[in-house]
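Trainee: Take a look at the following structure, please.
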Amino acid sequence: MISVFDNGHAKGKQNILTTWLNKDGYGLSKNSKPYELKQYLADLIEKSVYIIDEGLEDEDVMTLIKRIENEELDITRVVVYVHSVRFSVLQEVRKNLKVLRNNKNVALIERF
Numbered sequence: 003m004i005s006v007f008d009n010g011h012a013k014g015k016q017n018i019l020t021t022w023l024n025k026d027g028y029g030l031s032k033n034s035k036p037y038e039l040k041q042y043l044a045d046l047i048e049k050s051v052y053i054i055d056e057g058l059e060d061e062d063v064m065t066l067i068k069r070i071e072n073e074e075l076d077i078t079r080v081v082v083y084v085h086s087v088r089f090s091v092l093q094e095v096r097k098n099l100k101v102l103r104n105n106k107n108v109a110l111i112e113r114f
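As structure tokens, then:
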């Protein structure tokens, strides 16, 4: 689904990520770091995790939630390209981010 954003300069994922980073106030020159969950490779920049590629699974969601709750990952936002995530997995993300332990508050931003 992200390949529709491919152009002669960059792949679709990079175009989406660059656009979102700019929209979120990081500018055009800031780079994200790959962040590995169970199997899925997300993008991490400061206190935000970006999920753009297809392939996020329930095990990845549980890994993300555990790391947030155990303070291994200090983030305030999870930004998801909803067209790349199966509905059932997206529901798991929604549900689990609402009930984080240790008074954690992480916003879920769903983008299209």
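Heads up, the sequence shown is in this note's numbering, so the first residue is 3 and it goes up one at a time. We put the CB at the ideal spot given by N, CA and C, even for glycine. Computed from a predicted model, the values in this text were never measured in an experiment.
Could you tell me whether the stretch 56–65 touches the stretch 21–37, using the rule of 3 or more Cβ pairs below 8 Å?
Mentor: The stretch 56–65, when compared against the stretch 21–37, does not touch it at the 8 Å Cβ threshold.
Trainee: If you drop the 5 nearest sequence neighbours on each side, which residues of the same chain put their C-beta closer than 6 Å to that of E56?
Mentor: Along the sequence shown, read from residue 1 onward, the residue named residue 56 stands at position 54. For E56, where only same-chain residues beyond five positions count, the Cβ hits under 6 Å are S86.
Trainee: In this structure, does DSSP put S34 in helix, strand or coil?
Mentor: Position 32 of the sequence shown, counted from the first residue, corresponds to residue 34. Coil.
Trainee: Below 8 Å on the Cβ atoms is my contact criterion, and I expect V51 with I77 to pass it. Report the Cβ-Cβ distance as a whole number of Å.
Mentor: By one-based count along the sequence shown, residue 51 stands at place 49. By one-based count along the sequence shown, residue 77 stands at place 75. So it is a contact: roughly 6 Å between Cβ atoms.
Trainee: Report the CB separation of I70 from L92 in whole angstroms; it is logged as a contact under 8 Å.
Mentor: Within the sequence shown, numbered from 1, the residue matching residue 70 stands at position 68. Within the sequence shown, numbered from 1, the residue matching residue 92 stands at position 90. 17 Å between Cβ atoms; not a contact.
Trainee: In the stretch 30–104, which residue ranges form an unbroken beta strand (DSSP E) of at least 3 residues, counting only runs that do not cross its ends?
Mentor: The stretch 30–104 contains these whole beta strand (DSSP E) runs: 35–38, 43–47, 50–53 and 79–83.
Trainee: Please classify G45 as buried or exposed, where buried requires at least 16 other C-beta atoms within 10 Å of its C-beta.
Mentor: On the sequence shown, position 43 is the one that residue 45 refers to. Looking at the sequence provided, one finds Asp at residue 45 rather than Gly. D45 should be labelled buried.
Trainee: Would you report the Cα separation of F114 and I47, rounded to the nearest angstrom?
Mentor: As a position in the sequence shown, residue 114 is number 112, starting the count at 1. As a position in the sequence shown, residue 47 is number 45, starting the count at 1. Going by the C-alpha atoms only, they are around 20 Å apart.
Trainee: Could you name the residues of the same chain whose beta carbon sits closer than 6 Å to that of L75, not counting the 5 residues immediately before and after it, in chain order?
Mentor: For the purposes of this step, residue 75 is identified with residue 73 of the sequence shown, where counting begins at 1. Closer than 6 Å at the Cβ level, and outside the excluded window around L75, lie R69.
Trainee: Which residues in the same chain as V108 place their Cβ atom closer than 8 Å to its Cβ, once the five residues preceding and following it in sequence are excluded?
Mentor: Residue 108 sits at position 106 when you count from the first residue of the sequence shown. Here the set comprises I70, I77, T78, R79, V80, L99 and L102.
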